[in-house]
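Going line by line, the protein sequences match chains A and B. The first sequence begins at 1 in my numbering and counts up one residue at a time. The second sequence begins at 149 in my numbering and counts up one residue at a time. Glycine included, C-beta positions come from ideal geometry on N, C-alpha and C. Just so it is clear, the structure is predicted and the values come from calculations on it, not from any experiment. Written below as structure tokens is the structure these notes are about.
2 protein chains.
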Amino acid sequence: MRARELLTDFPTVRLDSPVVDAARLLAEQDLPGLIVVDGEDSPVTILPGTQVLRLAVPGYCQDDPALARVVDEAHADAFLRELHGRTVRDALPRQPRELPVTDPEATVLELAALMARTHSPLVAVVDEHRRLMGAVTLQALLDRMLPV
Amino acid sequence: MRARELLTDFPTVRLDSPVVDAARLLAEQDLPGLIVVDGEDSPVTILPGTQVLRLAVPGYCQDDPALARVVDEAHADAFLRELHGRTVRDALPRQPRELPVTDPEATVLELAALMARTHSPLVAVVDEHRRLMGAVTLQALLDRMLPV
Numbered sequence: 001m002r003a004r005e006l007l008t009d010f011p012t013v014r015l016d017s018p019v020v021d022a023a024r025l026l027a028e029q030d031l032p033g034l035i036v037v038d039g040e041d042s043p044v045t046i047l048p049g050t051q052v053l054r055l056a057v058p059g060y061c062q063d064d065p066a067l068a069r070v071v072d073e074a075h076a077d078a079f080l081r082e083l084h085g086r087t088v089r090d091a092l093p094r095q096p097r098e099l100p101v102t103d104p105e106a107t108v109l110e111l112a113a114l115m116a117r118t119h120s121p122l123v124a125v126v127d128e129h130r131r132l133m134g135a136v137t138l139q140a141l142l143d144r145m146l147p148v
Numbered sequence: 149m150r151a152r153e154l155l156t157d158f159p160t161v162r163l164d165s166p167v168v169d170a171a172r173l174l175a176e177q178d179l180p181g182l183i184v185v186d187g188e189d190s191p192v193t194i195l196p197g198t199q200v201l202r203l204a205v206p207g208y209c210q211d212d213p214a215l216a217r218v219v220d221e222a223h224a225d226a227f228l229r230e231l232h233g234r235t236v237r238d239a240l241p242r243q244p245r246e247l248p249v250t251d252p253e254a255t256v257l258e259l260a261a262l263m264a265r266t267h268s269p270l271v272a273v274v275d276e277h278r279r280l281m282g283a284v285t286l287q288a289l290l291d292r293m294l295p296v
């Protein structure tokens, strides 16, 4: 079995996409993160879902989450407003997460090795022009590999 | 809004559970990982899905995933058999991943701060005896917090 048989469509964002759109995609679908593509639809990195929160949560709360409890609840419920006007670029970690990339002919063992090495539950699959075709998820891989 | 209103049931495994069971749970449900509990149902750590693969994929393939492509395909498809007889304990990373834990009264801002600080898309919620009640996922948090 090859990567092309395990492909799923995977939502993407661009570096200059509003980070609120990224948050919405993460909320609607149960995704570990979003693939960030450049202007040529080439995968650049992954935006982990928790990075969106890092942008929205005040630093003093991240240092000591218990402090967050003393913030009054109405204010606490509204913290995502901080995301407005910010882009995906703003949300990326300083050390971008490695997004493994392969071609449609990769074997399951190769896909598994890529996920294991990079700790990424996702491998991007690209065509010969390095354009994103889709992704293979850990779930899809395990689902097809486990004996029934 | 408080953690108790955002709780989801979350599948758990024990340290001595067969790792094949963990792989099956990960394949059936779209989960970033599994909560590992001790004999008292107290959360211990999280088992990231990719760790299951680390146990199944031969080391030489993880060092150089391209090598995996030369393994014949029938053999490649069978690598998950390597998991038989292994337990969740065997699959845990040497440096266990931090699983943030809170109580049902945590506010959304506190939950978000915990996820942001630990890079975990999941917060375990425990009762007064530290028994697992469920988890709040990044998706549930974003879904309830984003303005419609």
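Residue-level contact to chain B via CB, residue i, 7 Å cutoff
{"i": "residue 96 of chain A", "result": "no"}
{"i": "residue 71 of chain A", "result": "yes"}
{"i": "residue 80 of chain A", "result": "yes"}
{"i": "residue 101 of chain A", "result": "no"}
{"i": "residue 57 of chain A", "result": "yes"}
{"i": "residue 4 of chain A", "result": "no"}
{"i": "residue 43 of chain A", "result": "no"}
{"i": "residue 54 of chain A", "result": "yes"}
Contact check, residue i vs residue j, beta carbons under 7 Å
{"i": "residue 19 of chain A", "j": "residue 36 of chain A", "result": "no"}
{"i": "residue 271 of chain B", "j": "residue 239 of chain B", "result": "no"}
{"i": "residue 151 of chain B", "j": "residue 61 of chain A", "result": "no"}
{"i": "residue 109 of chain A", "j": "residue 293 of chain B", "result": "no"}
{"i": "residue 17 of chain A", "j": "residue 88 of chain A", "result": "yes"}
{"i": "residue 132 of chain A", "j": "residue 121 of chain A", "result": "no"}
{"i": "residue 54 of chain A", "j": "residue 255 of chain B", "result": "no"}
{"i": "residue 248 of chain B", "j": "residue 266 of chain B", "result": "yes"}
{"i": "residue 22 of chain A", "j": "residue 291 of chain B", "result": "no"}
{"i": "residue 252 of chain B", "j": "residue 219 of chain B", "result": "no"}
Any C-beta of chain C under 7 Å from that of residue i
{"i": "residue 49 of chain A", "result": "No chain C is present in this structure, whose protein chains are A and B."}
Chain A within 7 Å of residue i, Cβ atoms only
{"i": "residue 216 of chain B", "result": "yes"}
{"i": "residue 234 of chain B", "result": "no"}
Neighbourhood of residue i by C-beta distance below 8 Å, restricted to the same chain and skipping five residues each side
{"i": "residue 111 of chain A", "result": "3, 6, 102, 123, 136, 141"}
{"i": "residue 173 of chain B", "result": "159, 161, 179, 182"}
{"i": "residue 115 of chain A", "result": "100, 121, 122, 123, 138, 141"}
Nonlocal neighbours in the same chain, by C-beta distance under 7 Å from residue i, ignoring five residues either side
{"i": "residue 232 of chain B", "result": "168"}
{"i": "residue 245 of chain B", "result": "193, 194, 196"}
{"i": "residue 157 of chain B", "result": "282"}
{"i": "residue 278 of chain B", "result": "190"}
{"i": "residue 86 of chain A", "result": "19, 55"}
Contacts around residue i, its chain only, beta-carbon distance under 6 Å, and the 5 residues preceding and following it disregarded
{"i": "residue 33 of chain A", "result": "46, 47, 48, 49"}
{"i": "residue 204 of chain B", "result": "227, 228, 230, 231"}
{"i": "residue 59 of chain A", "result": "none"}
{"i": "residue 149 of chain B", "result": "256"}
Chain-ordered residues of the stretch 252-268 of chain B with a beta carbon less than 9 Å from chain A = Of all residues in the stretch 252-268 of chain B, those with a C-beta nearer than 9 Å to a C-beta of chain A are 253, 254, 255, 256, 257, 258, 259, 260, 261, 262, 263, 264, 265, 266, 267, 268, reading in chain order.
task = Would you list, in chain order, the members of the stretch 159-185 of chain B that have their beta-carbon closer than 7 Å to a beta-carbon of chain A?
result = 171, 172, 174, 175, 178, 180
Selection of the stretch 131-146 of chain A by Cβ proximity to chain B, strictly under 7 Å = 138, 139, 142, 143, 145, 146
key: Length-filtered (3 minimum) beta strand (DSSP E) runs lying within the stretch 168-222 of chain B   = Counting whole runs of 3 or more residues, the stretch 168-222 of chain B contains the beta strand (DSSP E) stretches 181-185, 191-196.
message = Report the start-end ranges of each beta strand (DSSP E) in the stretch 110-143 of chain A that is 3 residues or longer and not cut off at the edges.
response = 122-126, 132-137
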